[in-house]
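**Student:**
Number of protein chains: 2
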Amino acid sequence: MSQAAIAQIFKALGDPVRLQIVQRLSNGTALCMGELSKDLGISRQGARKQIQALVSAKVVQLHPAGREVKVQLDAAALQQGRDFITALEAQWDQRLLALKQFTEQ
Amino acid sequence: MSQAAIAQIFKALGDPVRLQIVQRLSNGTALCMGELSKDLGISRQGARKQIQALVSAKVVQLHPAGREVKVQLDAAALQQGRDFITALEAQWDQRLLALKQFTEQ
DNA sequence: CAAACATGCAACCACATGGTTGCATGTTTT
DNA sequence: AAAACATGCAACCATGTGGTTGCATGTTTG
């Protein structure tokens, strides 16, 4: 996984509106854009742009169905983000351990 | 933890340069700004701005020491980010499980 | 004290972002 | 066929972001 792709995922999650969208999608079934736009406090087209950002980062996928478009969470992106943080934490813990061993010598 | 604070953490991680900084900090000891600015391909002041973004999101802490300033990773922020994703994934998995049980009926 | 060093601050610039409005287009429903 | 619906596209605007340069300030070192 490239740094850039990971950064894009975090960037996509780095906005309250988009975070709210992702949260609602993790909750239940895939929603269509209209439903998803509600309760965000912005216009439908505003919401559309945010959804597009999520699509570009591959955090979400679009599935056209008739006159509406379903929006579905892509759990793989979440996992990649989490894995990246986990790897950082592992390095961090390892460093702390080495420090501990050094001081105990 | 507020949505906004979490969003700020992800936003801070949502840039290749800042991601690289965080990675270097997770690796070893706290570095001072000058060292940290090297190998980023941008000017010292450019790097300083990125570090400030990490400070604002509390991903990193500054510790002045004489004429230099040490930059140290704050693992708590990483954990908060990871926990948030984990919670999303838990909801997601639960939904998949419910769907599975439904189809098996 | 003077030179070198590490950093801070402010102004500036180009471009990205988050939002809006207006209108067009394809799809159901009646 | 007409009305209602869900969405798309483009233009526009204010503000934020990522970067630069120049200069000022405090701290070591010689």
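For the protein sequence lines, the chains are A and B, in the order given. Residue 15 is where the first sequence starts when you use my numbering, and the numbers rise one by one after that. Residue 15 is where the second sequence starts when you use my numbering, and the numbers rise one by one after that. Note that the Cβ used here is the ideal one computed from N, Cα and C, for glycine as well.
1. Report the residue from B:Arg58, B:Leu39, B:Leu68 whose alpha carbon sits nearest the alpha carbon of glycine 48 (chain B).
2. Between histidine 77 (chain A) and lysine 84 (chain A), what straight-line distance do the alpha-carbon atoms span, to the nearest angstrom?
3. Using a beta-carbon distance below 8 Å, is arginine 96 (chain A) in contact with chain B?
4. Where do the N-terminal and C-terminal ends of the alpha helix (DSSP H) with alanine 67 (chain A) fall, by residue?
5. Tell me which residues of the segment 18-33 of chain A have at least one Cβ-Cβ distance to chain B shorter than 7 Å, keeping chain order.
6. What in chain B is Cβ-close to threonine 117 (chain A), meaning under 8 Å?
7. With 9 Å as the C-beta to C-beta threshold (strictly closer), list the residues of the segment 74-90 of chain B near chain A in chain order.
8. Of all Cβ atoms in chain A, is any one closer than 8 Å to the Cβ of leucine 92 (chain B)?
9. Identify whether valine 73 (chain B) lies in helix, strand or coil by the three-state DSSP scheme.
10. Beta carbon of valine 36 (chain B), beta carbon of leucine 27 (chain A): below 8 Å?
11. Anything in chain A within Cβ reach of isoleucine 35 (chain B), meaning under 9 Å, just list it in chain order.
12. Go to lysine 25 (chain A), then tell me how far its alpha helix (DSSP H) extends in each direction, as first and last residue.
13. Since glutamine 34 (chain B) contacts glutamine 17 (chain A) with CB under 8 Å, what's their CB separation in whole angstroms?
14. Kindly indicate which three-state DSSP category alanine 13 (chain A) falls into: helix, strand or coil?
15. Have a look at B:Ala67, B:Leu39, B:Asp97 and flag the residue whose alpha-carbon is nearest the alpha-carbon of leucine 110 (chain A).
16. Which residue marks the beginning of the alpha helix (DSSP H) containing arginine 38 (chain B), and which one marks its end?
17. Using a 10 Å radius around the Cβ and a threshold of 16 neighbouring Cβ atoms, would you call lysine 25 (chain A) buried or exposed?
18. Using the Cα positions of aspartate 97 (chain B) and alanine 67 (chain A), report the straight-line distance between them to the nearest angstrom.
19. Determine the burial state of alanine 104 (chain A): buried for a count of at least 16 other Cβ atoms within 10 Å of its Cβ, exposed for fewer.
20. Strictly under 8 Å for the Cβ-Cβ distance: is serine 70 (chain A) near chain B by that measure?
21. Return helix, strand or coil for leucine 54 (chain B), following the three-state DSSP convention.
22. Quick check: what's the CA-CA separation for glutamate 82 (chain A) versus leucine 45 (chain A)?
**Tutor:** The answer reads as follows:
1. On the second sequence, residue 48 (chain B) is found 34 positions in, with the first residue counted as 1. Just measuring C-alpha positions, the residue of B:Arg58, B:Leu39, B:Leu68 sitting nearest glycine 48 (chain B) is B:Arg58.
2. Working through the first sequence from its first residue, we reach residue 77 (chain A) at position 63. Working through the first sequence from its first residue, we reach residue 84 (chain A) at position 70. If I take the Cα positions, the gap works out to 5 Å.
3. Taking the first sequence and counting its residues from 1, one reaches residue 96 (chain A) at position 82. Yes, arginine 96 (chain A) counts as interfacial toward chain B.
4. Walking along the first sequence from the start, residue 67 (chain A) turns up at place 53. It spans 58-70 - the alpha helix (DSSP H) in which alanine 67 (chain A) sits, taken as one unbroken run.
5. Within the segment 18-33 of chain A, the residues whose Cβ lies closer than 7 Å to some Cβ of chain B are Ala18, Ile20, Ala21, Phe24, Lys25, Leu27, Gly28, Asp29, Pro30, Leu33, listed in chain order.
6. As a working mapping, residue 117 (chain A) is identified with position 103 in the first sequence. Within 8 Å Cβ-Cβ: nothing; threonine 117 (chain A) doesn't reach chain B, min ~14 Å.
7. Of all residues in the segment 74-90 of chain B, those with a C-beta nearer than 9 Å to a C-beta of chain A are Leu87, Ala89, reading in chain order.
8. As a position in the second sequence, residue 92 (chain B) is number 78, starting the count at 1. Contact with chain A is found for leucine 92 (chain B), since one of that chain's Cβ atoms lies less than 8 Å from the residue's Cβ.
9. By one-based count along the second sequence, residue 73 (chain B) stands at place 59. In this structure, valine 73 (chain B) counts as coil in the three-state DSSP scheme.
10. By 1-based counting over the second sequence, the position of residue 36 (chain B) is 22. By 1-based counting over the first sequence, the position of residue 27 (chain A) is 13. Taking 8 Å as the Cβ cut-off, valine 36 (chain B) and leucine 27 (chain A) do not qualify as a contacting pair.
11. Sequence index remark: in the second sequence, residue 35 (chain B) carries index 21 (1-based). Identification of chain A residues near isoleucine 35 (chain B) by a Cβ-Cβ cut-off of 9 Å yields none; the smallest Cβ-Cβ distance measures about 12 Å.
12. For the purposes of this step, residue 25 (chain A) is identified with residue 11 of the first sequence, where counting begins at 1. In the DSSP annotation of this structure, the continuous segment of the alpha helix (DSSP H) that includes lysine 25 (chain A) starts and ends at 17-27.
13. For this step, residue 34 (chain B) is matched to residue 20 along the second sequence. For this step, residue 17 (chain A) is matched to residue 3 along the first sequence. Their Cβ separation, rounded to whole angstroms, is 7 Å, which keeps glutamine 34 (chain B) and glutamine 17 (chain A) in contact under 8 Å.
14. Limits of chain A in this structure are 15 at one end and 119 at the other, which puts residue 13 (chain A) out of reach.
15. On the first sequence, residue 110 (chain A) is found 96 positions in, with the first residue counted as 1. For the options B:Ala67, B:Leu39, B:Asp97, the alpha carbon positioned closest to that of leucine 110 (chain A) is the one of B:Leu39.
16. The sequence position of residue 38 (chain B) within the second sequence is 24, counting from 1. Annotation for arginine 38 (chain B): the continuous alpha helix (DSSP H) segment containing it runs 30-41.
17. Reading the first sequence from its first residue, position 11 is the one you call residue 25 (chain A). Taking all protein chains shown into account, lysine 25 (chain A) has 16 or more neighbouring C-beta atoms within 10 Å of its C-beta and is therefore buried.
18. Here the question's residue 97 (chain B) lines up with position 83 in the second sequence. Here the question's residue 67 (chain A) lines up with position 53 in the first sequence. Distance between the alpha carbons of aspartate 97 (chain B) and alanine 67 (chain A) is about 23 Å.
19. Counting from one through the first sequence, the residue named residue 104 (chain A) turns up at place 90. Residue burial is scored here from C-beta neighbours: alanine 104 (chain A) has fewer than 16 other C-beta atoms within 10 angstroms and is therefore classed as exposed.
20. For the purposes of this step, residue 70 (chain A) is taken as the residue at position 56 of the first sequence. No, serine 70 (chain A) lies away from the interface with chain B (no Cβ there is under 8 Å from its Cβ).
21. Counting from 1 along the second sequence, the entry for residue 54 (chain B) is found at position 40. Of the three classes helix, strand and coil, the one that applies to leucine 54 (chain B) here is coil, per DSSP.
22. For the purposes of this step, residue 82 (chain A) is taken as the residue at position 68 of the first sequence. For the purposes of this step, residue 45 (chain A) is taken as the residue at position 31 of the first sequence. Near 10 Å, if we compare the C-alpha coordinates of leucine 45 (chain A) and glutamate 82 (chain A).
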